[in-house]
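When we follow the working numbering, the leftmost residue of the sequence shown carries the number 83, and every step to the right adds one.
The structure under discussion appears below in the form of structure tokens.
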Amino acid sequence: MSELNPNAPVTEWELDEWSRETRAELTSMLVEAGIAHRWDDTVLIAESAREVDVEEILDEIENLEDEIEEQDDDVDQADTKVLSQLAGVAQKIARNPSDGGAVANLERLLESIDASSAPGDMSDSVWRQIKDLASQVEDALVGGDRADEVLAMDLASRLAAILRSNL
């Protein structure tokens, strides 16, 4: 990277709201673009002649950050929707374990959550417990020669309670 010309006018960008990782990514992009710059704590300093180029890179990073946040929001909403559906199915099974539609919905929901990680702020242990209970409910109803409806009702009630407290 070339040094800033001490006689050239400079432009400053205060980036204190940006994470350290994002500022490091910006530094890499500036070096790759051949833009001389330096940092004064969280203030980026570059030659004013390259201001447009720096602004384009800043916009690119900000747009990428916005896209990532939107994708994260979409993922969290989908997880919340699936968990709400699972809570509803668990309540139905707790009341009527012979409800074939609820059992089919449980199987479908289990497929969608099987390989996924814990959503949002939920701890991994709670997520594992939810997945385990849902699988146990399914096993009690369709896993053996004969459905164990009493066990399924108990497990489904526990599952619904855990989901309610974590939604």
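Backbone N, C-alpha and C fix where the C-beta goes; we use that ideal spot for every residue, glycine too.
Keep in mind it's a predicted model, so treat the numbers as computed, not measured.
Quick check on residue 249: does DSSP put it in helix, strand or coil?
coil
Compute the Euclidean distance between the alpha carbons of residue 123 and residue 146, then round it to the nearest angstrom.
23 angstroms
Whose CA, out of 227, 223, 199, 176, lies closest to the CA of residue 240?
176
Selected residue, minimal CA-CA separation from residue 118, among 138, 232, 128:
128
Assign residue 115 to buried or exposed, taking buried as 16 or more other Cβ atoms, counted over all protein chains shown, within 10 Å of its Cβ.
exposed
Contact set for residue 203: own chain, Cβ-Cβ below 8 angstroms, skip 5 residues either direction:
none
By a C-beta neighbour count over all protein chains shown, 10 Å radius and 16 as the cutoff for buried, is residue 172 buried or exposed?
buried
Residue 123 - DSSP class collapsed to helix/strand/coil
coil
So, at 6 angstroms on beta carbons, what are the nonlocal neighbours of residue 235 in its own chain, with the 5 sequence-adjacent residues on each side left out?
176, 179
Consult DSSP for residue 209 and reduce its assignment to one of helix, strand or coil.
helix
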